[in-house]
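Participant: The structure's right below; bear with me while I get my questions together.
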Amino acid sequence: MGQLTDTLLPSLSLTKVYVLATGATCSASEAVMNALRGIDVEVVQIGSTTCGKPYGFYPTDNCGETYFTIQFQGVNNKGFGDYADGFMPTTTPNFDFELPGCEVEDDFTASLGDPDEGMLSAALEYAATGSCPEVVTSNGVADVKALRSNQSALGGEKLIPIDKPEQRKENFILHNKINQPVIQERN
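Numbering that gives the first Met the number 0 puts the first residue of the sequence shown at 0, with every later residue one more than the last.
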């Protein structure tokens, strides 16, 4: 059995956190973003609008079936949890679901952690200047290729193409179909 103490837990004493997010950023990731905002940590979002899943459930068994019905909505320490359409990066946040930050396309041309990778590059610039990169497309989303062209010259090196997750999945499925043994139906 645990023992209660008055020992304080370790703290990072964060005042600002930069989050690189896409439309595939969901659920627990959004809950962390929301929770930090609830304790007055500034969350700066770089990327695109998150998927929007402030809800949770407990699996419920009934007659041999398991149901996953929405049973609660998560809220932060300030009572906010209305981000069903996701958190949205914007230069001028007006609503609780809008966060300071920049819309930047996902970049599959550079490795994660590489300062030339589009979203990390934009986050580093935002951290240094307090504003989004100047390079934007007609729809207002920072253009990764233009961001990278502002970085150091590639010296004539050819970039290795990187498959997007959807392409990797299709290739994986195709590979497994080709290598599957042929199964014949019995009459």
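Every residue, glycine too, gets a C-beta built ideally from N, C-alpha and C.
Using alpha carbons as the reference points, say which of 78, 77, 95 lies closest to residue 84.
Facilitator: In the sequence shown, residue 84 corresponds to position 85, counting from 1. Nearest of 78, 77, 95 to residue 84, Cα basis: 95.
Participant: At a cut of 8 Å, does the region 70-86 reach the region 28-36 through at least three beta carbon pairs?
Facilitator: Output reads yes: the region 28-36 touches the region 70-86.
Participant: Assign residue 155 to one of three DSSP states: helix, strand, or coil.
Facilitator: Counting from 1 along the sequence shown, the entry for residue 155 is found at position 156. Residue placement at residue 155 is flagged as unreliable, the pLDDT there being 44, under the threshold of 50; the coordinate-derived value follows with that caveat. Here residue 155 sits in coil by DSSP.
Participant: Is DSSP giving residue 128 helix, strand or coil here?
Facilitator: Here residue 128 is taken as the residue at index 129 of the sequence shown, counted from 1. Looking at residue 128 - three-state DSSP - the assignment turns out to be helix.
Participant: Should residue 33 be labelled buried (16 or more other beta-carbon atoms within 10 Å of its own) or exposed?
Facilitator: As a position in the sequence shown, residue 33 is number 34, starting the count at 1. With 16 or more other Cβ atoms within 10 Å, it is buried.
Participant: According to DSSP, simplified to helix, strand and coil, what is residue 61?
Facilitator: For the purposes of this step, residue 61 is taken as residue 62 along the sequence shown, with counting starting at 1. It is a strand residue.
Participant: By DSSP, does residue 78 sit in helix, in strand, or in coil?
Facilitator: Taking the sequence shown and counting its residues from 1, one reaches residue 78 at position 79. If DSSP states are grouped into helix, strand and coil, residue 78 belongs with coil.
Participant: Determine the DSSP secondary structure at residue 15, reduced to helix, strand or coil.
Facilitator: In the sequence shown, counting from the first residue as 1, residue 15 sits at position 16. In the structure shown, residue 15 sits in a strand (DSSP, three-state: E or B).
Participant: Pull the bridge partners of residue 100 from the DSSP assignment, please.
Facilitator: Here the question's residue 100 lines up with position 101 in the sequence shown. Its beta-bridge partners are 44.
Participant: Going along the chain, which residues of its own chain have a beta-carbon closer than 6 Å to the beta-carbon of residue 15, five neighbours each way excluded?
Facilitator: Sequence index remark: in the sequence shown, residue 15 carries index 16 (1-based). Cβ within range, chain order: 41.
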